[in-house]
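Everything on this sheet refers to the single structure shown next.
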Ligand code: GRG
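In structure tokens, the structure reads:
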């Protein structure tokens, strides 16, 4: 299924370097650099800990590559991808908190509340979330203010109560956090939860690239569906990695989903059917790109990578 020329890994690695450099400069300048007051030192250090030195940077990759397929090659999609990565990093910081998933390890390093403290981790997450919107609204992404507005609104929708945050709420509820003896979720409800918690941001990444690349309505609809299928495949792959990967390969604790009674497709379908489902979703994502020529090969590779990844 996979191409073996290493083009995808090379491109993902090069995007990761660009993202790291851009975000480091942004965070060293105290956010977007437009503020009147300095960022308190401990808060800035916690934000840098959360954002720099790790992560696959798949979401920025998807923004940049989708825009590139449509002929856009300037720096705007990179900055938009960085804004999205800031928001993703906030979600990881808050997800790791004791009140949420209570994790000590993330990207192979101590989580922010372990390296600092809980209050600082909450505030660092808040600051990354707000910075994400500040960066996403910046003119260097896109001269047309209408498109910038659309990006900001779509990001809010993907990340908010009917998107990632809502998905996290459903995830905690399914664990029985709010009512003891919660019955297991039906498969369709698990899919909905996952589309919100994980899929919404990945689908947004592709949609942002489509918007920045001035996709036609038809192209945008196909890309949107590709992003949704990719997001679903990504989450099933994540559920499978929680069962099969080692902590050192993954850079975070494993085996936690079953221990906590999380609503996953592995729990609902069993490991083998979950693997078939993961592969079928990636195949579907690739088939949705049939209207695009070889310029979309890296997006096709991204679907393969999503299901073959080891971390
Ligand atoms: C706390 C509001 C709030 C939301 C949390 C991000 C999230 C929602 C939960 C994280 C739990 C989790 C492991 C979800 C599975 C999918 C996911 C987002 C994995 C992490 O993303 P990767 O693999 O991470 O892209 P890197 O480190 O490569 O950026």
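Residue numbers (the numbering used here): 289 to 599.
Backbone N, C-alpha and C fix where the C-beta goes; we use that ideal spot for every residue, glycine too.
Query	Result
Residue 393 (DSSP reduced to helix, strand or coil)	strand
Residue 427 (DSSP reduced to helix, strand or coil)	coil
Neighbourhood of residue 543 by C-beta, 8 Å cutoff - its chain only, sequence neighbours within 5 removed	530, 531
Spatial distance of residue 564 from residue 459 (CA atoms)	23 Å
Distance, residue 465 Cα to residue 363 Cα	43 Å
Residue span of the alpha helix (DSSP H) that contains residue 453, given as start and end	452 to 462
As assigned by DSSP and simplified to three states, the class of residue 398	strand
Three-state secondary structure (DSSP) of residue 503	coil
Top-ranked residue by Cα proximity to residue 451, from 476, 437, 482	482
Segment limits, alpha helix (DSSP H) that includes residue 337	329 to 339
Three-state secondary structure assigned by DSSP to residue 359	coil
Distance, residue 423 Cα to residue 320 Cα	With a pLDDT of only 46 at residue 320, under 50, the local geometry of the prediction cannot be trusted, and no value is derived from it.
Alpha-carbon spacing of residue 616 relative to residue 598, whole angstroms	Only positions 289 to 599 of the chain appear in the structure, and residue 616 is not among them; the question remains open.
Cα-Cα separation between residue 583 and residue 357, rounded to whole angstroms	6 Å
Simplified DSSP assignment, three categories, for residue 578	coil
For residue 593, the first and last residue of its enclosing alpha helix (DSSP H)	585 to 596
Residue 506 vs residue 484 beta-carbon contact at 7 Å	no
The segment 346 to 360 / the segment 464 to 479 touching (three or more Cβ pairs under 8 Å)	no
Own chain partners of residue 528 with C-beta closer than 8 Å, once the 5 adjacent residues on each side are dropped	554, 559, 562, 563, 566
For residue 320, the three-state DSSP class (helix, strand or coil)	With a pLDDT of 46 at residue 320, under the threshold of 50, the modelled position of this residue cannot be trusted, and the question is left open.
Bounding residues of the alpha helix (DSSP H) (the contiguous stretch that carries residue 443)	433 to 447
Beta-carbon proximity list for residue 545, same chain, < 8 Å, skipping 5 on both sides	527, 530, 531, 552, 554, 555
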